[in-house]
Every structure is written in C-alpha cells, then in structure tokens.
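Everything in the sequence shown is counted per the numbering used here, starting at 17 for the first residue and increasing by one.
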Amino acid sequence: MRVEIRYNFWTVLVVVSVSIVTTCVLPVENARILAIQTYGGKSHWNFMSALLRALTDGGHAVTVFTPFPEGDRDNYTEVDTSNILPLKVGIDIMTLRRLVGNAYTLVSLNMEIAKLNCDNIYNDHRLTDLMAKGLDGHFDAIVIEPGLPSCMTYVAAGTSLPLVYSAPMPTMWLADRRTFGDVPNPAAVSSILARHAVPKTFAQRFSNTLLTLFAEAYIALRASTTKSVVDDGPKPYDTYDVPVPPSIVFTNGHYISDASRPIPANVVNVGGIHLKPPERIPKDILEFIEDSPHGVILFTFGSTVLISSIPDHIKIVFLETLSRLPQRTILKYEGVMDNKPHNVMIKKWLPQRDILVHPKVKLFVSHGGIAGMYEAVDAGVPVLGFPVFTDQFRNIDNLVEAGMAISMEILSVSGDSFYENIVELVDNEKYAKNAKIASELFNDRPMSPQQSVVYWTEYVIRHKGAPHLKSQALNLTWYQYLLLDNI
C-alpha cells in the first residue's frame with residue numbers, strides 16, 4: 017500500500033511538472049523593432065508614435081524612420097526623414113475638395129503619393145545600407161504604415177521577421193483583399209470611400225458595392241502596370257505585385273467609431289491609443305472657459321485642414337452664428353481675423369484633448385478626423401461634424417448612429433441650419449447622455465490599447481510571425497476566391 021502511494025505521488029508530480037513546462041509562455045524581452053513611417057501626415061504619425069511609445073514603455077528598443085522627429089529617449093532612436101517625405105499639414109480646404117472630391121481622384125492621388133514615398137524611402141541610403149547588412153539578426157520585428165502600392169512592404173521582403181502594420185484609420189485603406197485575403201461584404205460593411213456608416217438602403221448598398229469593386233479593380237490594375245510605366249525601369253521594390261502579408265495589424269478602430277464587421281484573427285483594434293492623461297490647460301484658455309456662464313464650444317479642424325482657407329461667405333456664416341450663441345467658442349484659426357465676435361477666442365494651436373475633458377465644454381465642432389472623434393467620445397462630448405474627405409464622413413456618421421452627433425455639409429451650410437443644429441446638440445440632453453454612454457462603451461475593454469500592442473507584438477515575435485493567424489484566402493487567386501473555378 018505504501019509503494020502504491022509513492023508511485024501515485026511521483027506520477028502526479030511528473031504530470032504537473034510536464035504541464036507547467038508545456039504551458040509556460042516564454043517572455044519576449046528587449047525586442048529590437050525597426051519602424052518606418054511611410055506617409056507624411058501628422059495624424060498618421062500620431063498613431064504610429066503611440067504604438068511605438070507603448071513598445072518602448074514595454075521595455076523594447078525602437079529605431080524609427082520618421083518625418084516628425086520628437087527627440088531620442090531611452091530605447092528609442094529616430095532617423096529624420098522630413099527632408100525626403102512630403103508633409104501633409106495645413107492644407108487648403110478647397111484644394112482638398114478638388115484633389116480628393118471623388119473616389120477616382122482620391123484613390124489615384126493616394127497611389128501616386130505612395131509610389132513617390134516608396135521612391136523617397138527606398139532611395140535613402142540610411143535605410144538601404146541597413147537592409148544591405150541584413151535585417152535578420154539585427155531586429156526582431158518591422159513596423160510600417162501600409163499603403164496602396166505593394167512597394168511599401170518591400171523592407172520586409174526576404175526576411176523572416178514578423179511584419180506589423182500600423183493602420184491609422186478604423187479600417188485598412190482599400191486593401192483588404194491584398195492584405196488579408198478577404199473582402200468585406202458590401203451589403204453590410206461600408207467602403208472607406210462611402211459617406212455612410214452602414215449601408216442601410218438599396219441605394220447605399222448598390223453604391224457601396226460599386227465603390228468596393230472599383231477600389232479592388234483599380235488598385236490591382238495600377239499595381240500590375242506600375243513596372244511598365246516607371247521612367248527608368250522598375251526598381252526592386254516595384255517588382256512586388258502583392259504586399260508582404262502582415263503578421264499582425266493594429267488599426268485605429270473601435271466598434272463605437274466603426275460598425276461591427278468580420279475581421280481576420282490578426283487584426284487588433286487599438287483605437288484611442290494616442291489618448292494621454294489630460295494636462296493643465298493654458299491659463300488664458302482656462303480662464304475663458306471657467307468664466308463662461310453657459311459653457312464653451314470647441315471648434316477646430318485639426319492639423320490637416322486650414323479653417324482660415326474656408327471661403328469668406330462660409331466664414332461669415334460661422335462667425336455671425338457663433339456671435340448669436342450664449343456659449344463662448346474657442347476656435348482654432350491660422351490667420352488674422354477681422355471683426356472677431358466678443359464671445360470667440362481664436363488660437364493657432366489648441367490643446368484639444370485637454371480642453372474636451374473640461375466639464376464646461378458642451379460641444380465639439382470638428383471635421384471628423386478619427387483622433388478627434390476618439391477624444392470627443394472619451395470625454396463624452398456631443399459632436400457637430402463637417403466632414404471634408406476620406407474616412408471623415410464615415411467617422412461622423414458612426415457617431416450619428418451612436419446618437420451623439422449631427423453631420424453637415426460645409427460648402428452648403430446656412431446660418432439658420434448651423435444655429436439650429438448647435439442649439440439642438442447643446443440643449444437636447446439626449447445627445448450628452450448618448451455621448452456618456454459611448455464613452456463608457458469606448459473605455460470598457462479587457463486591456464488597454466497600449467497593453468494590446470505590447471502583447472500582440474510580443475506574440476508574433478514569440479511565434480515566428482504567427483502564420484496560423486493569417487487567412488487561407490491569401491493563398492487563392494481571385495477566381496478561386498470567387499469560386500469561379502467551381503462553376
């Protein structure tokens with residue numbers, strides 16, 4: 017009997033020991049990350065910068081090529097590319113509407129810009145010298161912002177390193193099929209080119225289908241002809257017809273800002289990762305807010321769109337309407353303003369995040385940039401949106417669906433409609449109530465966006481790129497994907 021007991025004891029001990037060993041997950045420590053910001057948009061960089069800060073705070077070392085240098089810090093080294101990447105900051109609103117006013121010009125222009133960026137990035141000897149030495153052995157993962165041409169991912173070609181996508185929009189930029197293998201069903205999922213959050217009507221589903229088909233076909237056509245149209249022959253990075261598939265994709269998405277949709281296993285939403293703890297508001301702005309008996313409206317179009325470039329007749333509509341309100345308005349304005357209303361403060365730069373969380377802020381008037389939308393949602397502040405281009409229409413419409421926003425067309429706005437919508441959003445308590453509900457939903461997560469970035473980056477490093485997360489659809493031709501070979 018005593019021997020049997022001893023045998024059972026050792027059996028249990030061995031089983032427990034084996035279980036502990038086999039279930040133990042080895043930590044990834046001091047990983048070396050190479051990051052490349054491929055687009056000169058400040059809002060795009062703000063998203064990647066937040067990802068990289070999460071990684072350095074997690075103990076990993078980052079080397080980044082960026083056109084927006086912030087200064088080196090512990091475990092963080094920058095290579096300044098501001099002299100080779102054209103920056104997209106402070107653009108005239110009418111120029112934006114002319115350049116990206118329809119789906120064709122928007123997609124075409126973005127592909128041209130991305131191709132130019134590829135030329136600039138991969139002709140930079142600082143990067144090519146690094147690549148020539150071999151990235152394997154020097155780095156553990158690569159982080160890039162993907163673009164429409166496949167050349168953006170060339171840095172990862174031929175390496176065994178996990179490729180991490182930093183996608184600064186709630187969805188991938190028109191490249192779902194080429195990136196993940198799967199195309200979202202246009203009957204239920206809006207194209208990023210669409211102006212609605214969800215295709216509800218027949219007309220919306222029809223137009224959404226056309227936009228989805230156009231984007232997929234046009235991108236594939238442009239990619240196939242790139243090698244034959246370059247002036248001096250194709251470069252090495254032009255020879256990749258499809259992008260290097262990512263091991264993991266971090267999107268600037270959340271289900272409060274983008275309708276629920278099927279996503280592959282290697283897509284992680286980390287919308288709001290750029291949000292930092294609020295800091296003290298500058299004294300003059302703080303006094304202007306706190307001395308307001310009826311609250312304050314924050315009016316800004318972010319870093320990309322110049323409010324000062326709005327046509328004069330629309331500026332007059334805005335200013336005359338704001339002067340009629342009991343609330344004070346803080347307006348980001350880049351020029352000199354004549355006849356400024358007494359209840360309006362203008363600044364060339366504003367601490368947007370810090371102002372929005374002040375309890376006296378009643379309304380946010382915005383162009384619908386995704387970073388500002390998350391700041392408004394986090395603060396629980398209603399939004400009056402004037403979307404200008406790209407994803408901004410969908411961003412605003414998603415908040416309309418959440419019951420915390422109203423959307424308007426900036427080039428046809430009238431004084432009466434502007435005034436009525438402001439009064440509706442400020443005085444009707446349902447918008448503030450819905451904004452608070454949206455804030456609760458936004459912040460109710462199993463882990464913070466920063467923790468998600470660190471965990472999943474370490475995961476794909478630990479599991480050698482985690483190929484098991486990628487869709488089988490990546491291995492299919494377009495006709496196999498559509499089952500045409502089965503007909």
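Glycine is no exception: its CB is placed at the ideal position from the N, C-alpha and C atoms.
For my contact list, residue i and residue j are in at a C-beta cut-off of 8 Å; report their separation, rounded to the angstrom.
| i | j | result |
| --- | --- | --- |
| Tyr181 | Ile208 | So it is not a contact: roughly 15 Å between Cβ atoms. |
| Lys348 | Ile323 | 6 Å |
| Leu372 | Glu391 | 5 Å |
| Leu50 | Ile158 | 5 Å |
| Ser468 | Phe196 | Actually they do not touch by this definition, with Cβ atoms about 18 Å apart. |
| Val404 | Ile330 | Not a contact, Cβ separation roughly 12 Å. |
| Leu302 | Asp394 | Leu302 to Asp394, Cβ: 20 Å. No contact. |
| Asp145 | Leu177 | At roughly 17 Å, the Cβ-Cβ gap does not stay under 8 Å, so Asp145 and Leu177 are not in contact. |
| Ile109 | Val321 | 6 Å |
| Tyr170 | Tyr253 | 4 Å |
| Asp413 | Ala213 | 4 Å |
| Thr187 | Gly269 | 7 Å |
| His76 | Asn91 | 7 Å |
| Ile289 | Ala66 | 4 Å |
Hey, residue i and residue j: beta-carbon distance below 8 Å or not?
| i | j | result |
| --- | --- | --- |
| Val205 | Glu232 | no |
| Glu295 | Pro375 | no |
| Thr97 | Asp152 | no |
| Asn459 | Ala418 | no |
| Ile422 | Leu400 | yes |
| Lys58 | Ser464 | no |
| Ala119 | Leu237 | no |
| Ser339 | Pro327 | no |
| Tyr581 | Lys251 | Missing from the structure shown is residue 581; the chain here goes from 17 to 503 and no further. |
| Asn285 | Ile264 | no |
| Val80 | Ala173 | no |
| Met185 | Ile386 | yes |
| Leu441 | Tyr435 | no |
| Gly388 | Lys452 | no |
| Glu336 | Val44 | no |
| Arg344 | Phe402 | no |
| Leu125 | Leu115 | yes |
| Met420 | Asn437 | no |
| Glu70 | Val470 | The question names Glu, yet the displayed sequence has Ala at residue 70. Going by C-beta atoms, Ala70 is nearer than 8 Å to Val470. |
| Ser273 | Asn411 | yes |
| Leu122 | Thr406 | yes |
Name, in chain order, the residues that DSSP records as bridge partners for residue i.
| i | result |
| --- | --- |
| Lys363 | Lys348 |
| Thr82 | Asp96 |
| Ser6 | The first residue shown for the chain is 17 and the last is 503, placing residue 6 beyond what the model contains. |
| Phe304 | In the DSSP output, where bridge partners are listed per residue, Phe304 has none listed. |
| Val283 | Val265 |
| Ile160 | Ile52, Tyr181 |
| Val321 | Ile107 |
| Ala77 | Arg48 |
| Val470 | Val470 pairs with nothing; no bridge assigned. |
| Ser382 | Gly401 |
| Arg69 | According to DSSP, Arg69 bridges with nothing at all. |
| Arg89 | Tyr92 |
| Val377 | Val312 |
Along the chain, where does the beta strand (DSSP E) containing residue i start, and where does it finish?
| i | result |
| --- | --- |
| Ile49 | 48 to 52 |
| Leu209 | Segment: none, Leu209 is in no beta strand (DSSP E) and carries neither H nor E. |
| Val260 | Per DSSP, Val260 belongs to no beta strand (DSSP E) and is neither H nor E. |
Taking only beta-carbon atoms, is residue i less than 8 Å away from chain B?
| i | result |
| --- | --- |
| Tyr271 | In the structure shown, chain B cannot be found, because there is only a single protein chain. |
For the alpha helix (DSSP H) containing residue i, name the first residue and the last one.
| i | result |
| --- | --- |
| Tyr447 | 445 to 459 |
| Met313 | Residue identity differs from the one stated: residue 313 is Ile in this sequence, not Met. Looking at the DSSP string, Ile313 is not in any alpha helix (DSSP H); the run it does join, the beta strand (DSSP E), is 312 to 315. |
| Gly153 | Where Gly153 is concerned, there is no enclosing alpha helix (DSSP H), given that its DSSP letter is neither H nor E. |
| Asn126 | 119 to 138 |
| Leu335 | 328 to 340 |
| Leu372 | 368 to 372 |
| Val416 | 408 to 417 |
| Val393 | 386 to 395 |
| Lys149 | 141 to 149 |
| Thr195 | 192 to 196 |
| Tyr271 | That residue, Tyr271, is in no alpha helix (DSSP H); it is neither H nor E in DSSP. |
| Tyr495 | 494 to 497 |
Going by the C-beta, is residue i closer than 7 Å to any heavy atom of the ligand MN?
| i | result |
| --- | --- |
| Glu425 | The ligand MN is absent from the structure shown, which contains no ligands of any kind. |
Would you say the stretch 43 to 54 touches the stretch 128 to 148, given that touching needs at least three Cβ pairs under 8 Å? Yes, the stretch 43 to 54 is in contact with the stretch 128 to 148.
Would you be able to state if there are at least three C-beta pairs under 8 Å between the stretch 378 to 387 and the stretch 305 to 322? Segments in contact, yes.
Three CB pairs or more closer than 8 Å across the stretch 82 to 95 and the stretch 162 to 169: Contact fails between the stretch 82 to 95 and the stretch 162 to 169, because fewer than three Cβ pairs, one in each stretch, are under 8 Å apart.
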